[in-house]
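Q: Mature numbering (1 follows the signal peptide of the UniProt record, and there is no 0) puts the sequence shown at residues -26 to -1, 1 to 507. Glycine is no exception: its CB is placed at the ideal position from the N, C-alpha and C atoms. Quick one: structure below, then a few questions.
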Amino acid sequence: MGSSNHAILSLFTFLVLTTQWKASSASSDDFLQCLATNSNGSKPQVYIPNNPSYLTILQSSINNLRFATPEMPKPQFIITPDNDSQVQAVVICSKRYGLNIKVRSGGHDFEGSSSTSNVPFVLIDLINLRAIDIDVKDNSAWVQAGATLGEVYYRVAERSPVHGFPAGSCPTVGVGGHISGGGFGPMVRKYGMSADHVLDARLINAKGEILNRETMGEDLFWAIRGGGVSSFGVLLAWKIKLVAVPPTVVVCVVAKTLEQGATDVVHKWQSVASYGVPKEIFIGLHVGVVNKNSNATNGGVGRTVQATFQVLFLGPTENLVYVMDKSFPELGMERKDCKEMSWVESTVRFAGFPSGTPVDILLNRSALPKTTFKAKSDFVTEPIPKGGLEGIWKRFLKEERPEMVIGVWGGKVNEIADDKIAFPHRAGNMYLIDHVTNWDGKEGPEASNKHIAWIRELHEYMTPYVSKSPRTAFLNYKDLDLGHIGGSTYSDPKIWGEMYFKSNFKRLVRVKSMVDPDNFFSGEQNIPPTITY
């Protein structure tokens, strides 16, 4: 689609939104007056559809471009609060005037649920609420919900070279949604999930009250750690526990194509990475499709599957090389594949930036490119046989830009009880797969349908090889294919609820019924206040 067509679509979107805005101007004026009355003298910045900055602000943090198209439902108001009382005012006034609330901290919701809705809604963008207050002596930090993981990593390292926080590898992800869905990264085997390290929280409930751990009670505090905070309120900040990291860590990268024996290496990786190495070692895996090397002995014609192993070791190089030679010789990892660096530098490498990239890239909220994609997730509990892997490779070679981003379990994450917090995926899991397909969004709806059909077929193919009864999924990798409430279809919340939360779903429903019985904080996959078994 050319730039002129984009301009026409943008103008069309603007005209439609402006027409809708004018049609509801009376109620809009009432809503704005309500905000002014309830904001303690400091009215928040509000963007309405006829504001020239409206679309720029809306699209600034939509990271899946599937949800940045002109036809996507858009908010009646975008509000960028500067303080907690302004967020309170939005909650109070949205409830008064029957508007749904969407909250955006980083904008990485896989299904666009933080930026769009099927009912009239207000978007709270927390871009201005990202303060990070670190107490090194207490090994803790208060982090506002609008901060990104990269900002947390940078600020922690700025204060101490031997402190870190166990969270994801994408630095532009917001801490609000990441931690509330569980949150994991390369230190998951050493320290567990991000949500395992929450000490306190501040949120606004459906009554507009600001609560902390003491005033919200242990049931709600349990629920927001892995159960998704959007079902229960608007998160203002987390108090997190920082963890110890050595002054120097090791990052190694080794890639294998099919012609270099990738199938055998991946098959062996499954058991070694989960249970065959110390928990200080994380061996992540990325599977994609690349062009064959033109100098290869196989002729270099066409494409092939490549498995890239990315290792983080919280220790010295010589110890890592010894363990890998003994436990995983099939990988063929050599000292030249490894580089020593600080922990914060390792977060830059795991984010995919080239070696030597300055760490202040972590402060750039737009450092990574936006893409058009569809994703699904699976937990794997036993090794996939070689024949099963070969079936995956066959399907990958039929798709343009497929990926599997795989995080390995074992260690600390498996040692914690399933019901300790709302996040339940613990003992018995070997690794987590993020299935992804990417495409050029300019190709239009037919192309989108084709790529989405491909990943759905891949997900169906994976059924015999992944977790069962129920087949489980990861909330941070939201997938509306699993079922949802609202729109033109309805599915039983138990189906997707138990896939995300297993037996913890029942307790999440009980908590919801206690703190938000009228279901003010509703959404397509939010926890319902009632359920029938």
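Can you list, in chain order, the residues of its chain whose CB lies under 6 Å from that of M298, leaving out five sequence neighbours each side?
A: Within the same chain, M298 has close Cβ partners M307.
Q: Keeping to the same chain, check which residues put their C-beta closer than 6 Å to that of G207; ignore five residues upstream and five downstream.
A: The answer, listed in chain order, is L177, I178 and N179.
Q: Hey, would you say A229 sits closer than 8 Å to T282, going by beta carbons?
A: Cβ distance < 8 Å, so A229 and T282 count as in contact.
Q: Can you give me the C-alpha to C-alpha distance between residue 548 and A175, rounded to a whole angstrom?
A: Given that the chain is displayed from residue -26 to residue 507, the structure contains no residue 548 and the question cannot be resolved.
Q: Terminal residues of the continuous alpha helix (DSSP H) containing residue 534?
A: One cannot answer for residue 534 here, as it falls past the ends of the chain, which runs -26 to 507.
Q: Please list the terminal residues of the continuous beta strand (DSSP E) segment that includes L210.
A: Where L210 is concerned, the enclosing beta strand (DSSP E) stretches over V208 to K215.
Q: Hey, how far is the Cα of I255 from the Cα of V110?
A: One C-alpha to the other measures close to 25 Å.
Q: Roughly how many angstroms separate the alpha carbons of R163 and I335, rounded to a whole number?
A: R163 and I335: Cα-Cα distance of roughly 26 Å.
Q: In whole angstroms, what separates the C-alpha of E374 from that of D408?
A: Roughly 17 Å separates the two Cα atoms.
Q: Going by DSSP, name the residue or residues bridged to E377.
A: Note: E377 sits in a beta bridge opposite G262 and V410.
Q: Take G191 and list the residues in its own chain whose beta-carbon comes closer than 7 Å to its own, dropping the five residues that flank it on each side.
A: Taken in chain order, the list of residues that qualify is empty.
Q: Assuming V117 and W196 make a contact with CB atoms under 8 Å, what is their CB distance in whole Å?
A: Rounded, the Cβ-Cβ distance is 20 Å, inconsistent with contact.
Q: Tell me the DSSP secondary structure of M315 in three-state form.
A: If DSSP states are grouped into helix, strand and coil, M315 belongs with the strands.
Q: Tell me which residue opens and which closes the alpha helix (DSSP H) that N74 is part of.
A: Unbroken run through N74 is the beta strand (DSSP E), N74 to R78; no alpha helix (DSSP H).
Q: Measuring CB atoms only, is the region 97 to 104 touching the region 289 to 297, in the sense that at least three cross pairs come out at less than 8 Å?
A: Verdict: no, contact absent.
Q: Using the C-alpha atoms, what's the distance from V410 back to T331?
A: Straight-line Cα distance between these residues: approximately 26 Å.
Q: Could you tell me if Q280 is buried or exposed, where buried requires 16 or more neighbouring beta carbons within 10 angstroms of its beta carbon?
A: Buried, by the Cβ-count rule.
Q: Using a Cβ-Cβ cutoff of less than 6 Å, which residues in the same chain neighbour T321 once the five nearest sequence positions on both sides are dropped?
A: For T321, where only same-chain residues beyond five positions count, the Cβ hits under 6 Å are Y127.
Q: Are the region 35 to 54 and the region 79 to 98 in contact at 8 Å, needing three or more beta carbon pairs?
A: The region 35 to 54 vs the region 79 to 98: in contact.
Q: Could you check what DSSP says for S245 in three-state terms: helix, strand or coil?
A: It is helical.
Q: Cα separation between T231 and G262?
A: Cα-Cα distance, rounded: 10 Å.
Q: Go ahead and label E431 buried or exposed: buried means 16 or more other beta carbons lie within 10 angstroms of its beta carbon, across all protein chains shown.
A: So E431 counts as exposed.
Q: From G457 to I75, what distance separates their C-alpha atoms?
A: The alpha-carbon atoms of G457 and I75 are separated by roughly 21 Å.
Q: From V387 to T11, what distance separates their C-alpha atoms?
A: If you take the alpha carbons of V387 and T11, they lie about 47 Å apart.
Q: If you reduce the DSSP assignment to three classes, tell me which class Y71 lands in.
A: DSSP places Y71 in coil when its eight states are reduced to three.
Q: With the cut-off set at 8 Å, would you say G15 and N450 are in Cβ contact?
A: It is not a contact, given that the beta carbons lie outside the stated cut-off.
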